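To start, the structure under review is shown below, and the notes come after it.
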């Protein structure tokens, strides 16, 4: 019995560590389908989505460190504060995501050799931001996007 209680305590600890919603996808086409409301019983259209577009920086420790810095900043400034946000990352150099990144979203993938770009959207409307203030600007936008999402669902 004590083992079961300890086991449940550990499981609940791990469950609370990851309090935000991660989007699972394998191609840009699949991610677009999700963003358009596919796979969700309620249509999924009025969810707030945050997507980090990045270049994995193969051979560049500086770019890899910058990507990790952005990931951590997104976690602390956005995901930990706004658990209803749906989050994912896109390797914009992956052939399965190039068209989605460049043509559908409009991310300038050439800029990703310096730092990631971040998209925030709700109901097909949003912005992507690139540069040193990207995460803090996205964090400032989340409350308005959350409110718009909440009002639209009711």
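Numbering (mature numbering (1 follows the signal peptide of the UniProt record, and there is no 0)), first residue to last: -19 to -1, 1 to 135.
Think of the CB as a built atom: it goes at the ideal place given N, C-alpha and C, for glycine as much as any other residue.
On a predicted model such as this, the values are computed, not experimentally measured, just so you know.
At the level of alpha carbons, what is the spacing between residue i and residue j?
i, j, result
"residue 125", "residue 19", "24 Å"
"residue 15", "residue 41", "32 Å"
"residue 39", "residue 119", "26 Å"
"residue 28", "residue 45", "29 Å"
"residue 107", "residue 83", "15 Å"
"residue 133", "residue 121", "20 Å"
"residue 6", "residue 131", "25 Å"
"residue 17", "residue 61", "25 Å"
"residue 127", "residue 92", "28 Å"
"residue 94", "residue 43", "10 Å"
"residue 129", "residue 8", "28 Å"
Indicate whether residue i and residue j have their beta-carbon atoms separated by less than 9 Å.
i, j, result
"residue 114", "residue 30", "no"
"residue 63", "residue 109", "no"
"residue 32", "residue 12", "yes"
"residue 81", "residue 71", "yes"
"residue 88", "residue 111", "yes"
"residue 35", "residue 76", "no"
"residue 69", "residue 10", "no"
"residue 79", "residue 101", "no"
Give me, in chain order, the residues of the same chain whose beta-carbon lies closer than 8 Å to that of residue i; leave out the 5 immediate sequence neighbours on both sides.
i, result
"residue 116", "51, 54, 55, 58, 59 and 99"
"residue 90", "34, 36, 73, 74, 79, 82 and 83"
"residue 49", "none"
What would DSSP say about residue i, mapped onto helix, strand or coil?
i, result
"residue 2", "strand"
"residue -7", "With a pLDDT of 42 at residue -7, under the threshold of 50, the modelled position of that residue is not reliable, and the figure given next carries that caveat. The answer is helix: DSSP assigns residue -7 an H, G or I state."
"residue 112", "coil"
"residue 78", "coil"
"residue 17", "coil"
Among the residues of its own chain, which have a CB less than 6 Å from the CB of residue i, if the five just before and after it don't count?
i, result
"residue 96", "47"
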